[in-house]
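Asks: My structure is below; once you've seen it, I'll send some questions.
Residue numbers (our numbering), protein chains in the order written: chain Y, 2 to 428; chain H, 2 to 428.
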């Protein structure tokens with residue numbers, strides 16, 4: 002099999018995975034989920050014309066010539082209903098959100114009036130019909146769809162759900178994800194330190210990447226390089242919607258992962274992608290109907306997906322970002338699948354070997370002209386610190402032999418970058 | 002009191018709040034928290050020179066003239082220790098991560114060799130000393146500080162913590178946050194629909210904004226416009242680290258929030274900020290030592306902070322983004338306090354009234370030249386749907402009277418925008 006381009010491999014993955022079924026969730030637990038149903042307004046909002054300001058409900062026709070003195074006939078608070086009709090030469094004191102009384106057609110802000118006595122004010126500016134009045138139904142009209150299935154539930158969406166008094170709703174289920182590390186060289190986190198072993202960081206870095214998507218994964222631990230043990234672990238992992246296996250999928254003679262996965266009925270879709278870091282990366286599907294009966298614990302017969310990720314911690318994390326995260330997000334109903342990108346200028350030159358897309362770990366700073374990207378240092382895929390320090394992944398096209406300092410580049414933002422040190426705004 | 006500029010008000014807030022104390026957390030629960038201690042390496046990593054590739058450990062001096070045939074003397078897997086010394090004319094088959102045997106000083110990747118027989122290979126390219134060898138301590142050296150206090154725990158950082166086998170660590174505590182809505186006009190989410198009332202969306206939109214920062218807030222409910230009831234609720238809220246009160250802080254005659262807060266001992270730092278949406282916005286501090294005894298439930302005497310947010314749902318959310326989120330993040334130990342910004346071109350002209358910083362809700366698209374921002378429609382602060390649809394807040398400087406289509410603008414990214422629809426990368 003030839004090396005796939007990154008975008009081809011992404012397409013294969015995203016065409017394979019499907020939206021999961023829906024489940025019910027409480028409003029308080031819904032942040033970040035995706036709606037699986039349309040939501041309709043349950044009334045007009047505002048239910049009638051209301052004031053947008055603290056001020057006086059007036060008849061605009063009274064204010065064609067100013068200054069003019071108006072009689073204050075009542076006080077209308079938010080939550081009150083007006084008791085009187087505003088006649089020519091009259092007005093009503095009104096609070097933000099309170100109903101505009103009959104007769105009045107505009108609101109004069111309190112700052113633009115002068116109190117003459119307890120029930121007399123002077124107005125010195127003219128005003129148009131409808132000024133500072135929020136018309137009935139401006140926000141939403143009874144029965145209209147205000148949120149469609151497929152909407153990601155952000156704080157603003159939760160505000161809308163509360164407005165239409167939805168306390169429970171249908172959202173797409175989260176995938177059940179299992180994480181497995183493989184290799185005799187690995188030392189589990191609770192094992193004593195053995196200088197001849199490598200601490201298993203992949204289990205936890207992948208755990209955190211899955212958690213960052215709102216999913217709590219199951220950690221299966223470490224399978225040794227033994228076909229029977231590996232088979233036992235992989236069988237267990239295939240009971241989940243998605244199994245992430247790190248290590249053991251390269252071309253080396255001691256790698257049993259791919260043959261064992263295939264023996265269990267998984268159809269491998271690809272196992273080579275032209276990217277760095279990232280080699281080897283495998284993806285396979287266990288079709289629901291092909292699952293061996295004793296493995297299919299869930300009542301449904303959905304497909305299971307296996308990602309064979311590199312053993313190198315940085316490679317494993319980068320492959321997760323480019324392939325696994327978009328797949329998990331699609332399964333949860335998201336339409337935004339890929340990492341947010343920003344344009345940046347390169348702080349220094351970069352040399353590349355063409356032929357594969359390269360993801361360079363960079364830190365971002367900001368100057369007058371925008372973002373500046375600089376490498377976090379060594380790009381060795383064994384150096385996880387370079388990933389921990391990175392704000393983003395600079396994407397070098399596969400036909401590039403390098404870039405000069407100052408070149409414009411595209412950077413995918415990583416976790417932790419939703420916020421920044423400086424406001425970078427001009428007031 | 003004069004209107005404060007946004008940056009001045011942010012400075013007042015951020016100078017008032019302090020870092021909270023530390024607490025212990027398990028690795029599995031640590032994502033997004035901030036380290037309150039330095040973390041040191043517990044060994045050299047790699048513990049010795051290891052192979053960066055699947056291939057053959059060779060003596061680079063043997064390969065000055067190629068092609069050359071080498072004898073394969075052993076097989077070294079990751080986790081194995083080499084049993085032999087590589088002599089001139091010899092090599093060892095080696096897996097990624099396995100120790101480079103004595104005598105060898107470089108690794109030739111398997112793809113660049115040809116197998117002649119079971120224990121003979123032909124090498125056709127030369128190689129430099131150290132090629133594809135990861136030297137001892139490249140990742141980290143025993144005893145070195147690998148992560149400093151103040152580091153936000155991202156997936157990459159969790160990989161490092163697992164590498165040095167930290168299963169539990171000190172992180173800054175999260176603030177306890179209480180949310181209170183005020184106003185006779187409000188209808189609670191479980192109340193029957195009353196056309197004369199306004200559904201309380203602020204409680205839930207603010208809840209979600211707090212949740213998005215990793216904090217589970219306490220919802221106090223709705224206080225009516227009654228001084229005694231308000232005082233009871235505010236007293237309860239001041240037992241928390243941070244109290245968010247929405248509604249009731251304007252200049253209207255029926256607003257009891259500010260006087261009641263001040264009566265309870267809170268020193269108001271400001272109550273007017275030159276921004277839109279956003280009026281009125283108040284901020285106050287209840288100093289720990291000034292707390293009335295029966296209110297101080299916690300053993301410590303830390304300050305409590307009160308934000309009086311506007312009753313309009315959009316205004317309340319924007320004020321949260323600009324003032325409350327940075328404060329909560331500082332208390333949790335973050336150094337990144339402000340929303341990520343991107344540059345965009347304006348899709349259409351925008352008119353502004355100068356004199357205050359304006360935050361315009363926009364959607365972002367992407368074309369060949371970068372981001373394009375367009376208004377989500379009505380900018381009325383009562384229209385929460387415009388916030389739910391927004392990708393970001395376009396910041397209009399206070400001296401601007403408007404911008405033409407195509408103007409370059411700064412947009413703060415909102416929740417839900419860590420991912421995007423298209424990859425926007427060139428492979």
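Cβ coordinates follow ideal geometry from the N, Cα and C atoms, glycine included.
1) Whose CA, out of Y:367, Y:419, Y:345 and Y:326, lies closest to the CA of residue 336 (chain Y)?
2) Whether or not the segment 34-44 of chain H and the segment 148-160 of chain H are in contact is what I'm after, with contact meaning three or more pairs of Cβ atoms, one per stretch, closer than 8 Å; do they touch?
3) Below 8 Å, can you find three or more Cβ-Cβ pairs linking the segment 306-318 of chain H to the segment 392-411 of chain H?
4) Beta-carbon separation of residue 364 (chain Y) and residue 345 (chain Y) under 8 Å?
5) Take residue 14 (chain Y) and list the residues in its own chain whose beta-carbon comes closer than 6 Å to its own, dropping the five residues that flank it on each side.
6) Go through its chain and collect everything with a Cβ distance to residue 252 (chain Y)'s Cβ below 8 Å, but skip five positions before and after it.
7) Anything in the segment 321-337 of chain H with a Cβ closer than 9 Å to a Cβ of chain Y? List those residues in chain order, please.
8) Please list, in chain order, the chain C residues whose beta carbon lies closer than 7 Å to that of residue 200 (chain Y).
9) Just tell me which of H:394, H:196 and H:128 has its CA closest to the CA of residue 373 (chain H).
10) Could you please give the first and the last residue of the uninterrupted alpha helix (DSSP H) stretch that includes residue 210 (chain H)?
11) Check for me: the beta strand (DSSP E) holding residue 395 (chain Y) runs from which residue to which?
12) Does the Cβ-Cβ distance between residue 127 (chain Y) and residue 67 (chain Y) come in under 8 Å?
13) Out of Y:318, Y:180, Y:352 and Y:118, state which residue places its alpha-carbon closest to the alpha-carbon of residue 236 (chain Y).
14) Assuming contact is defined by CB atoms lying nearer than 8 Å, are residue 358 (chain H) and residue 275 (chain H) in contact in what I supplied?
15) Going by C-alpha distance, which of H:220, H:197, H:81 and H:203 is nearest residue 383 (chain H)?
16) Between which two residues does the beta strand (DSSP E) harbouring residue 115 (chain H) extend?
17) Using three-state DSSP, classify residue 87 (chain H) as helix, strand or coil.
18) Compute the distance between the beta-carbons of residue 396 (chain H) and residue 426 (chain Y), then report whether it is under 8 Å.
19) Just tell me which of H:143, H:102, H:64 and H:137 has its CA closest to the CA of residue 44 (chain H).
20) Could you name the residues that DSSP lists as bridge partners for residue 352 (chain Y)?
21) In terms of DSSP beta bridges, what is residue 277 (chain Y) paired with?
22) Quick check: the Cα distance between residue 414 (chain H) and residue 320 (chain H), rounded to an integer number of angstroms?
23) From which residue to which residue does the alpha helix (DSSP H) around residue 323 (chain H) run?
24) Can you pull out the residues from the segment 407-420 of chain Y whose beta carbon lies closer than 8 Å to at least one beta carbon of chain H?
25) For residue 196 (chain H), which residues does DSSP report across the bridge?
26) Between the beta-carbon of residue 53 (chain Y) and the beta-carbon of residue 75 (chain Y), is there less than 8 Å?
27) Using a C-beta cutoff of 8 Å, does residue 4 (chain H) count as contacting chain Y?
28) List the residues of chain H that residue 339 (chain Y) touches, going by C-beta distances under 9 Å, in chain order.
29) Scan the segment 144-158 of chain Y for residues whose Cβ lies nearer than 7 Å to a Cβ of chain H and list them as they occur along the chain.
30) In terms of DSSP beta bridges, what is residue 110 (chain Y) paired with?
31) Using a Cβ-Cβ cut-off of 8 Å, state whether residue 353 (chain H) counts as contacting chain Y.
32) How long is the line joining the alpha carbons of residue 22 (chain Y) and residue 178 (chain Y), rounded to whole angstroms?
33) What residues of chain Y sit near residue 381 (chain H), judged by a beta carbon separation below 8 Å?
34) Alpha carbons only, please: which of H:348, H:387 and H:111 is nearest the one belonging to residue 370 (chain H)?
35) Check whether the Cβ of residue 44 (chain Y) lies closer than 8 Å to any Cβ atom in chain H.
36) Less than 8 Å between C-beta atoms, sequence neighbours within five positions excluded: which residues of the same chain meet that for residue 301 (chain Y)?
Replies: A quick look at the data gives this:
1) Residue Y:326 is the option with its Cα nearest to residue 336 (chain Y).
2) yes
3) The segment 306-318 of chain H and the segment 392-411 of chain H do not touch, with fewer than 3 CB-CB distances between them shorter than 8 Å.
4) Going by C-beta atoms, residue 364 (chain Y) is not nearer than 8 Å to residue 345 (chain Y).
5) 284, 324 and 328
6) Reliability of the predicted coordinates at residue 252 (chain Y) is poor, the pLDDT of 45 falling under 50, and no value is obtained from them.
7) 321, 323, 326, 327, 330, 335, 336 and 337
8) The structure shown contains no chain C; its protein chains are Y and H.
9) H:394
10) Note, residue 210 (chain H): alpha helix (DSSP H), 203-212.
11) Where residue 395 (chain Y) is concerned, the enclosing beta strand (DSSP E) starts and stops at 393-397.
12) yes
13) Y:180
14) yes
15) H:203
16) 114-118
17) coil
18) yes
19) H:143
20) Its beta-bridge partners are Y:403.
21) Residue 277 (chain Y) pairs with Y:359.
22) In a straight line, the C-alpha of residue 414 (chain H) is about 15 Å away from that of residue 320 (chain H).
23) From DSSP, residue 323 (chain H) is part of no alpha helix (DSSP H); its letter is neither H nor E.
24) Flagged, chain order: 411, 413, 414, 415, 416, 417, 418, 419 and 420.
25) In the DSSP output, where bridge partners are listed per residue, residue 196 (chain H) has none listed.
26) no
27) At a cut-off of 8 Å, the C-beta of residue 4 (chain H) has no neighbouring C-beta in chain Y.
28) Simply 420, 421, 422, 423, 424, 425 and 426.
29) 147, 153, 155, 156, 157 and 158
30) Y:56
31) no
32) Residue 22 (chain Y) and residue 178 (chain Y) have their C-alpha atoms roughly 15 Å apart.
33) Residue 381 (chain H) reaches chain Y at 53, 135 and 139, counting residues in chain order whose Cβ is nearer than 8 Å.
34) Checked all of H:348, H:387 and H:111; the closest Cα to residue 370 (chain H) is H:348.
35) Interface residue, yes.
36) Low local confidence applies: a pLDDT of 44 at residue 301 (chain Y) is under 50, so the model's placement there is unreliable, with the coordinate-based value given in what follows. The beta carbon of residue 301 (chain Y) sits closer than 8 Å to the beta carbons of 22 and 289 from its chain, once the five residues preceding and following it are set aside; these are given in chain order.
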